[in-house]
Amino acid sequence: MHPLTIIGTGLAGYTVARELRKLDPHCYLRLITADDGHLYSKPMLSNAFFYNKTPEMLITTPVEQMAEQLQAEILTHTFVTQLEPQWHRFQANEQSLNYSQLVLACGAKPILTPCTGTAMGKILSINSLSDYRLLRTALQTAKQVTIIGSGLIGCEFANDLQAGGFSVTVVSEATYPLNRLVPALVGQLLQQLLQERGVTWLFGKTIKHITQTTSAKYQLVLSDNQVIETDIVISAIGLRPQIELATAAGLTVKEGIVVNRYLQTNVLDIYALGDCAQIEGLVLLYVMPLMNAARALAKTLAGQTTAVTYPAMPIVVKTPACPIVISPPPNTVKGQWHIETQGQDIRGLFYTTTQQLAGFVLTGKIITEKMTWLKQLPPFLSTA
Ligand SMILES: Cc1cc2nc3c(=O)[nH]c(=O)nc-3n(C[C@H](O)[C@H](O)[C@H](O)COP(=O)(O)OP(=O)(O)OC[C@H]3O[C@@H](n4cnc5c(N)ncnc54)[C@H](O)[C@@H]3O)c2cc1C
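Take any residue in the sequence shown, note its place counting from 1, add 871, and you have its number in the working numbering.
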């Protein structure tokens, strides 16, 4: 008998495994990971520095304990190079391994900042515990940090590192922070509050060239030819689902690995969830969607075929300088933001053209209203 196999021990892989064990204590379960397999909270990577959290402190459960809890075999530092669905098999670390059913939970990878220059390879992206380890080492001798990108992760790092004592500059092609998620007024409030604490914003710009100077600093040439010097460059311009294994094996992929409501790919016995998956056309690189998907998939794997549904899923932005909670409206919904402002408290409500509430954003003290508005939102993805 071959094991039910999960590729990936991030939050998606481990959550499916945990949910499955609740339903089926006996199935033969194997997890494979290219990393060390310790369970950690990835969202904490962007607010851990200020709290002086070492990478080891972010580990919530070591891999040995995960294997024990899950009654599973966990193969660490094992890189899957090829899927062979026709044989229910894959290649990893030069061995062939068979599966009964396969779950792809292989995450996303950072989009590289497109630029030229001899120091391109020195730009950091933080998407794993080992990336965070590298960041902390680099920060030991640094004073100035430049962050590329003003989305969620860029803003969170800007807040965290500024509070941690660094001189922070954010370079972004957008015109205000969080521009894909919130109306301008909210982004501008975050911009102002971080600026008051010392963050420098350079909007409407990208970096086009990076070199290392003799004093071990980096010199960045921006798209308008402005030149800045910095000790560290962090790229936070977004993540892209890992689709290479699936693509090479002939699975249907678009932006992510395409799955239906049952998390099934187009190939028998192969499923996908988490950052690598595109579920009903949606690529949602957050924890709540993957938790909902994991619960549904575990039931399906245990024999109770279950479609995933998403409730409204708020995002808490980890910028203590300007507390923000967002429940973004689905991209497909047309409508308008209605904004009320009182000092640093902003209430933005997104109404559709038929006057249905479809999203909200709250800042400052009124983030406590989260549950009130959440209850009024329709599910993000309801039953089919
Ligand atoms: C800095 C940061 C802050 C964030 N903050 C928030 C937040 O506040 N709220 C929120 O909701 N979300 C947040 N997110 C997003 C959230 O953390 C992710 O959506 C989630 O952790 C993704 O989990 P995953 O299991 O799908 O992928 P990952 O955690 O990336 O796990 C992928 C796994 O697949 C394995 N793998 C990949 N390829 C292979 C291969 N070929 N062979 C073997 N193993 C392989 C890897 O080793 C790893 O174990 C944040 C993300 C980042 C980077």
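Every residue gets a Cβ at the ideal spot worked out from N, C-alpha and C, and that includes glycine. A quick note: this is a predicted structure, and the numbers were derived from the prediction, not measured.
How about residue i and residue j: do their beta carbons lie closer than 9 angstroms?
i       : j       : result
Gly1109 : Ile982  : yes
Pro1250 : Ala1229 : no
Cys975  : Ile1141 : One point to set straight first is that residue 975 is Leu, not Cys, in the sequence displayed. Closer than 9 angstroms, so yes.
Val934  : Gly908  : yes
Ile994  : Ile1105 : yes
Leu973  : Pro956  : yes
His1080 : Thr987  : yes
Gly1235 : Gly1214 : yes
Met1162 : Leu882  : yes
Leu900  : Leu941  : yes
Ile1018 : Thr949  : no
Ends of the alpha helix (DSSP H) at residue i?
i       : result
Tyr1003 : 1000-1010
Asn1163 : 1158-1172
Phe1074 : Where Phe1074 is concerned, there is no enclosing alpha helix (DSSP H), although the beta strand (DSSP E) it sits in stretches over 1071-1074.
Ile1024 : 1023-1034
Which residue's Cα is closest to the Cα of residue i: the options?
i       : options                            : result
Met1258 : Gln1083, Asp1031, Pro874           : Given a span of 872 to 1255 for the chain in the structure shown, any question on residue 1258 remains unanswerable.
Val1256 : Gly1035, Val1016, Asn1050, Glu1115 : Because the chain is modelled from 872 through 1255, residue 1256 falls outside the range shown and cannot be assessed.
Asp906  : Gly1035, Thr925, Asn998            : Asn998
Asn1030 : Pro1194, Lys1241, Gln1215, Thr1203 : Pro1194
Ala1087 : Thr1101, Ile1197, Gly1075, Gln966  : Thr1101
Gln953  : Thr1224, Glu965, Gln942, Thr1085   : Glu965
Gly1022 : Thr1171, Pro1048, Leu1000          : Pro1048
Lys1333 : Pro1112, Gln1135, Leu1134, Ala1173 : This structure cannot speak to residue 1333, because the chain is shown only from 872 to 1255.
Val1232 : Leu1245, Gln1226, Leu1116          : Leu1245
Met1242 : Gln1227, Ile1197, Gly978, Gly1214  : Ile1197
Met1184 : Leu1122, Thr1171, Pro1191, Pro1199 : Pro1199
Ala1192 : Ala1034, Asp1002, Pro1054          : Ala1034
Ile1103 : His959, Tyr1133, Leu1006, Thr1254  : Leu1006
His959  : Phe921, His873, Lys980             : His873
Phe921  : Tyr970, Ala1107, Lys1189, Ala1120  : Lys1189
Ile877  : Val951, Gln936, Thr925             : Val951
Leu1168 : Ile1186, Ile1099, Val1130          : Val1130
Pro1054 : Leu1156, Gln1227, Phe1221          : Phe1221
Asp895  : Thr1224, Lys1170, Gly1020          : Lys1170
Val1187 : Val1158, Ile1114, Ile903           : Val1158
Gly1036 : Pro1201, Asn923, Ile1114, Asn1137  : Asn923
Along the chain, where does the beta strand (DSSP E) containing residue i start, and where does it finish?
i       : result
Gly1058 : Note, Gly1058: premise wrong, no beta strand (DSSP E); alpha helix (DSSP H) at 1055-1067.
Glu1100 : 1098-1101
Pro981  : 979-981
Leu929  : Element bounds for Leu929: not the beta strand (DSSP E) but the alpha helix (DSSP H), 926-929.
Gly1109 : Here Gly1109 belongs to no beta strand (DSSP E), and DSSP marks it neither H nor E.
Val1041 : 1038-1043
Tyr1089 : 1089-1093
Leu1139 : From DSSP, Leu1139 is part of no beta strand (DSSP E); its letter is neither H nor E.
Ala963  : 960-963
His1080 : 1078-1083
Val974  : 973-975
Thr876  : 875-878
Gln966  : 966-969
Helix, strand or coil for residue i? Go by DSSP, reduced to three states.
i       : result
Asp1216 : strand
Thr886  : helix
Glu1115 : helix
Ser917  : helix
Arg1051 : coil
Ile994  : coil
Leu1248 : coil
Arg1132 : coil
Gln940  : helix
Glu955  : strand
Thr1243 : helix
Gly1206 : strand
Glu935  : helix
Gly1235 : helix
Leu1155 : coil
Lys1125 : coil
Gly1145 : helix
Leu946  : strand
Lys1014 : coil
Lys1189 : coil
**Study point:** Inter-stretch contact at 8 angstroms, needing at least 3 Cβ pairs: the segment 879-891 / the segment 917-930
**Key:** In the pairwise beta carbon analysis, the segment 879-891 is classified as not touching the segment 917-930: fewer than three pairs are separated by under 8 angstroms.
Check your understanding: Are three or more beta carbon pairs between the segment 1023-1037 and the segment 907-922 nearer than 8 angstroms?
Key -> Yes: the two stretches touch, three or more of their Cβ pairs being nearer than 8 angstroms.
Practice item. Inspect the CB distances between the segment 1166-1178 and the segment 1201-1210 and report whether three or more fall short of 8 angstroms. Key: Contact fails between the segment 1166-1178 and the segment 1201-1210, because fewer than three Cβ pairs, one in each stretch, are under 8 angstroms apart.
Practice item. Please determine if the segment 1008-1015 and the segment 1143-1156 are in contact, where contact requires at least 3 C-beta pairs separated by less than 8 angstroms. Key: No: the two stretches stay apart, fewer than three of their Cβ pairs being nearer than 8 angstroms.
Check your understanding: Between the segment 1058-1069 and the segment 1086-1093, do three or more beta carbon pairs fall short of 8 angstroms?
Key -> Here the segment 1058-1069 does not lie against the segment 1086-1093, with fewer than 3 beta-carbon pairs under 8 angstroms apart.
Check your understanding: How about the segment 1036-1051 and the segment 1064-1084: do they share at least three Cβ pairs that are nearer than 8 angstroms?
Key -> Per the Cβ contact rule, the segment 1036-1051 is in contact with the segment 1064-1084 (3 or more Cβ pairs under 8 angstroms).
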